[in-house]
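Each protein sequence line maps, in turn, to chains A and B. Each residue of the first sequence is one higher than the one before, starting from 142 at the first, in the working numbering. Each residue of the second sequence is one higher than the one before, starting from 84 at the first, in the working numbering. From the three backbone atoms N, C-alpha and C, an ideal C-beta is built for every residue, glycine too. Quantities reported herein were computed from a predicted structural model and do not represent experimental measurements. Here's the structure we're looking at; comments come further down.
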Amino acid sequence: DIQMTQSPSSLSASVGDRVTITCQASQDISNYLNWYQQKPGKAPKLLIYDASNLESGVPSRFSGSGSGTDFTFTISSLQPEDIATYYCQQYNTLPLTFGPGTKVDIK
Amino acid sequence: QVQLQESGPGLVKPSETLSLTCTVSGGSLSNYYWSWIRQPAGKGLEWIGHISTTGTTNYNPSLRNRVTMSVGTSKNQFSLRLSSVTAADTATYYCARDMFYSKGDCWGQGSLVSVSS
Numbered sequence: 142d143i144q145m146t147q148s149p150s151s152l153s154a155s156v157g158d159r160v161t162i163t164c165q166a167s168q169d170i171s172n173y174l175n176w177y178q179q180k181p182g183k184a185p186k187l188l189i190y191d192a193s194n195l196e197s198g199v200p201s202r203f204s205g206s207g208s209g210t211d212f213t214f215t216i217s218s219l220q221p222e223d224i225a226t227y228y229c230q231q232y233n234t235l236p237l238t239f240g241p242g243t244k245v246d247i248k
Numbered sequence: 084q085v086q087l088q089e090s091g092p093g094l095v096k097p098s099e100t101l102s103l104t105c106t107v108s109g110g111s112l113s114n115y116y117w118s119w120i121r122q123p124a125g126k127g128l129e130w131i132g133h134i135s136t137t138g139t140t141n142y143n144p145s146l147r148n149r150v151t152m153s154v155g156t157s158k159n160q161f162s163l164r165l166s167s168v169t170a171a172d173t174a175t176y177y178c179a180r181d182m183f184y185s186k187g188d189c190w191g192q193g194s195l196v197s198v199s200s
């Protein structure tokens, strides 16, 4: 199985701050990476697919980059409604695997 | 807009079989794979497996011996069965449009299943 790691596991930032989360795959996954946002009690919501493509309807303050084994997810200006846990997920190889998540809250 | 809804018992006894159904509305099952994912309370996401509308399946090796998925195209539904459950199978179970062959852009709201006697 491809192992996905994320850092940090949690972070606190102020409204308006730039927030960056990294995701690393245990082997080359090309650009086959999704980023999801999950709020408490809700299903995950797709934000970014193919590592850098913004899903329709998702605010442009969210972005993703990377390929191979190293990926970055960025919120350019943190908003109160962005409080959530963020997961990366690879779809290069079955079984699909998710990162452990990064919990983002407001300082 | 495609919507998914999980249904099934919220409580299952140890050693018995967990059964869930996902109903798809606002679209057809056809031409997609459909996934099941689970999440224990306070923990991360685990992909259980997926099924095509022709019945082709791929399961996570960690659960393969206990998982069966099926599809009922005429009812726009697909189902999950997980046998010999233990407390470790207590989780919220999500159905979703597959995120291997598709974008994983549609998820159900989740169904909490507890395993307890």
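Item: Along the chain, where does the beta strand (DSSP E) that runs through A/Lys186 open and close?; Value: Lys186 to Tyr190
Item: Whether or not the stretch 156 to 176 of chain B and the stretch 115 to 125 of chain B are in contact is what I'm after, with contact meaning three or more pairs of Cβ atoms, one per stretch, closer than 8 Å; do they touch?; Value: yes
Item: I'd like to know whether the C-beta of B/Ala174 is nearer than 9 Å to at least one C-beta of chain A.; Value: no
Item: Since B/Ile134 is in the beta strand (DSSP E), which residue starts that stretch and which ends it?; Value: Glu129 to Ser135
Item: Is it the case that the Cβ atoms of A/Gln230 and B/Gly187 are separated by a distance below 9 Å?; Value: yes
Item: Beta strand (DSSP E) containing A/Cys164: first to last residue?; Value: Val160 to Ala166
Item: Hey, does A/Phe212 have any beta-carbon neighbour from chain B nearer than 9 Å?; Value: no
Item: Any beta carbon from chain A within less than 9 Å of B/Trp117's own beta carbon?; Value: no
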